[in-house]
Ligand code: FDA
């Protein structure tokens, strides 16, 4: 039987980084993945340029039923540590917006860097590996991999969440946690576009491709200010993806399409100067013309000139544009979600080492754990930080 000090399941961001660190510490490591390629999500990420971390990473940017859990790992291996590593490899990067760091050239550079880190640690990598059984034995764990037995003192589960099944996502980590008696919190798609109910969708579909800056507020009071994008299925764009992680089915989302203006004052001013100007042309000064036309077909915009616009109509219009209540009918689900919310309950794990307190030698890192970041590099930073914290303990 093949024997290793550590077996890591999942060659994504967390698994590769952890395997490399453990190997460099002198332990024998086997890194397993069911796919044909290493780091498939990294390659797809950030439009092919990988948004690998965020300058403003802090625990408040993460959702978890146990919000304190992520603090230790994020503090011990921070965004600055990962930036140091990237710089050592000479990978050029830039800040796009809101502290989001991307490779100048390609996400492939991150995968190549992680591969080289694994080579430095003499990690044995085995792709297309089907793990059909995992058992606890006296010395650690025994795994059945492609029909062969492999044993390890410690087992690290880095098999990710359920988003994008086409990229190898599987519930493997959740099932394994349950097999060992660990609690798994309900999972759902996060950082995902909203779908809309039929009549509204049919109107808004004409806006497909239009993007506007907006402020979105969830029913729990969470607020995001970024762009929203109208799509043929509903609403997307960074503000929508961010808010989707805080949205529960049936809830409304408040959309402010003109967040930085006192609309009533602006309309009064325009009325003074151009009383015969149509309301439609006036609003087109501040909003895309296609959006204004669409609001008119939705009968949310009276077909009047500014001097004809009466006070109740103006008040209704301001509410409509600055507190538009949209009730999504759902999300696009795991097919397009960037992340999975929920997962292995962090109350079962040590925040210092990611070890399962009930099962000596078993560790969970990365997205499989109930820690989910905002859009903008926060999820990869969690992968690096949790992987590093775990590796220190092995
Ligand atoms: P990850 O999913 O990366 O890796 C898990 C690995 O386990 C996979 O290789 C999988 O094949 C393997 N596996 C699963 N089941 C298995 C089994 N049964 N046996 C063996 N192996 C198994 N985040 C961010 O911070 N910045 C960004 O730019 C983006 N962009 C982005 C784009 C897209 C399209 C998606 C889908 C997601 C992102 N994300 C992101 C999120 C980010 O990709 C995600 O949070 C991390 O990849 C999580 O890293 P993990 O290593 O935990 O899982």
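Residue numbers (full-length UniProt numbering): 1 to 394. Built from N, CA and C at the ideal position, the CB exists for glycine as well.
DSSP-derived helix/strand/coil call for residue i
i	result
residue 320	helix
residue 88	helix
residue 342	strand
residue 280	helix
residue 310	coil
residue 126	strand
residue 213	strand
residue 185	strand
residue 332	coil
residue 180	coil
residue 112	helix
residue 380	helix
residue 3	strand
residue 172	helix
residue 295	helix
residue 222	coil
Residue i burial status per 10 Å Cβ neighbour count (16 or more: buried)
i	result
residue 262	exposed
residue 271	buried
residue 381	buried
residue 282	buried
residue 165	exposed
residue 79	buried
residue 312	exposed
residue 328	buried
residue 397	Absent from the model: residue 397. The displayed extent of the chain is 1 to 394, so no value can be given.
residue 319	exposed
residue 208	exposed
residue 331	buried
residue 297	exposed
residue 87	exposed
residue 315	exposed
residue 220	exposed
residue 357	exposed
residue 158	buried
residue 340	buried
residue 378	buried
residue 235	buried
residue 33	buried
residue 181	exposed
residue 100	buried
residue 51	buried
residue 310	exposed
residue 177	buried
residue 367	buried
residue 323	exposed
residue 137	exposed
residue 188	buried
One or two residues paired with residue i in a DSSP bridge
i	result
residue 93	103
residue 351	DSSP, once it has assigned bridges, lists no residue as partnering residue 351.
residue 141	136 and 152
residue 264	Residue 264 pairs with nothing; no bridge assigned.
residue 373	62
residue 363	156 and 355
residue 254	217 and 325
residue 228	212
residue 54	100
residue 245	In the DSSP output, where bridge partners are listed per residue, residue 245 has none listed.
residue 29	6
Same chain, Cβ closer than 6 angstroms to residue i, five either side skipped, listed in chain order
i	result
residue 391	18, 21 and 22
residue 5	27, 28 and 153
residue 305	276 and 278
residue 131	143 and 145
residue 62	70, 371 and 373
residue 117	20
residue 2	150
Chain C within 8 angstroms of residue i, Cβ atoms only
i	result
residue 170	Of the chains in the structure shown, none is chain C; there is only one protein chain.
Spatial neighbours of residue i in its chain, beta-carbon cut-off 8 angstroms, leaving aside the 5 residues before and after
i	result
residue 242	191, 216, 224, 226, 374 and 375
residue 59	67, 68, 70, 71 and 74
residue 35	11, 127, 128, 167 and 168
residue 388	17, 18, 21, 73, 76, 77 and 81
residue 41	12, 13, 160, 164 and 167
Own chain, CB closer than 7 angstroms to residue i, minus 5 neighbours either side, in chain order
i	result
residue 185	65, 342, 343, 345 and 370
residue 48	106 and 107
residue 456	With the chain covering only 1 through 394, there is no way to say anything about residue 456.
residue 325	252 and 254
residue 98	376
residue 109	91 and 103
residue 203	294, 297 and 298
residue 45	51 and 107
residue 249	330
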